[in-house]
Ligand code: HEC
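Residue numbers (the working numbering): 35 to 277.
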């Protein structure tokens, strides 16, 4: 392995670490826009490593067309991986999130590497197009309906499925608790048909409490997203953490 490929391997290793560690450490609560920026940074690292690994490419000669096909299809596959409807699923399943990130890194690397194997410059072009798509999606391009960007900035307008911006509001959570939870958990959270939620923060972190409310075990009913929005879940969890 020459030093160029060593550099490529180091960049790839750093990128993979950046893909794997944050979801496992519970960083899934990033606002959607920042999350996409993080994705585009991962892709940039992977593309760079891929091109670096393939260099020096055939400057005059053109490689097998299969490389071109791969360099065209890889960014499209990566785009499908960033499909937004699965955000909450990823919040609840950190391992799935890691797999998604690794898929992005792998496909980014492939875009750069395969493109560069086809002809000089194609790796950059393919990688750049993928990076541009991920970067643009941070601002709502292609993945979010109009208005969703404004919604992700305004704390109370967030719709189910998108990440939640702004600080949690436990006072609002208290009202939601009275309406949705008190029948089972008692009006002050002391328990009833459902268990007591006093000192719940010692059993579940804020993130875990939200994950539980999003995807509870029976007999507790699944109130999200039919009765509770993503913001409601956040606020009611913030209230529960204070009990
Ligand atoms: C129909 C009754 C019912 C309603 C309504 C309900 N829960 Fe529950 N909840 C339960 C039951 C029963 C459990 C225990 C389930 C288990 O442990 O398998 C539970 C468990 C929990 C836990 C986990 C407790 C632990 O073991 O750490 C939390 C947190 C919680 N509920 C919060 C809420 C919140 C917040 C709401 C309102 C948004 C709510 N629940 C609405 C019945 C209910």
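C-beta: ideal position from N, C-alpha, C; glycine also.
Under three-state DSSP, which class holds residue 182? Note that residue 182 scores 41 on pLDDT, short of 50, meaning its location in the model is unreliable and no value can be drawn from it.
Item to check | residue 250 versus residue 242 - alpha carbon distance | outcome: 11 Å
- alpha helix (DSSP H) containing residue 153: first to last residue? Here residue 153 belongs to no alpha helix (DSSP H), and DSSP marks it neither H nor E.
For the alpha helix (DSSP H) containing residue 113, list its first residue and its last residue.
99-115
field: Sequence-distant residues of its chain with Cβ nearer than 6 Å to residue 167 (five each side left out)
entry: Excluding sequence neighbours, residue 167 sits near 113.
Exercise. For residue 221, I'd like the list of residues in its chain whose CB is within less than 7 Å of its CB, leaving aside the five on either flank, ordered along the chain.
Key: If the five residues before and after residue 221 are omitted, its C-beta is found closer than 7 Å to the C-beta atoms of 212, all from its own chain and listed in chain order.
Point to revise | Coil, strand or helix - residue 275 by DSSP | key: coil
Below 7 Å, is the gap between the Cβ of residue 275 and the nearest heavy atom of the ligand HEC? If you check the C-beta of residue 275 against the ligand HEC, you find no heavy atom less than 7 Å away.
Residue range of the unbroken alpha helix (DSSP H) whose run includes residue 214 = Residue 214 -> alpha helix (DSSP H) spans 204-214.
**Asked** residue 149 and residue 80 look like a contact to me (Cβ under 8 Å); what is the Cβ gap, rounded to whole Å?
**Response** The pair is not a contact, with the Cβ atoms about 13 Å apart (cut-off 8 Å).
- Is residue 222 near the ligand HEC, in the sense that its beta carbon is under 7 Å from a heavy atom of that ligand? no
Less than 8 Å between the CB atoms is what I'm expecting for residue 155 and residue 105, so what's the real figure, rounded? About 11 Å separates the Cβ atoms of residue 155 and residue 105, ruling out a contact at the 8 Å cut-off.
| field | Sub-8 Å separation of residue 109 and residue 145 beta-carbons | value | yes
query: For residue 85, which residues from the same chain have a beta carbon less than 8 Å from its beta carbon, with the 5 sequence-adjacent residues on both sides left out?
result: Excluding sequence neighbours, residue 85 sits near 146, 147, 149, 150, 157, 158, 161.
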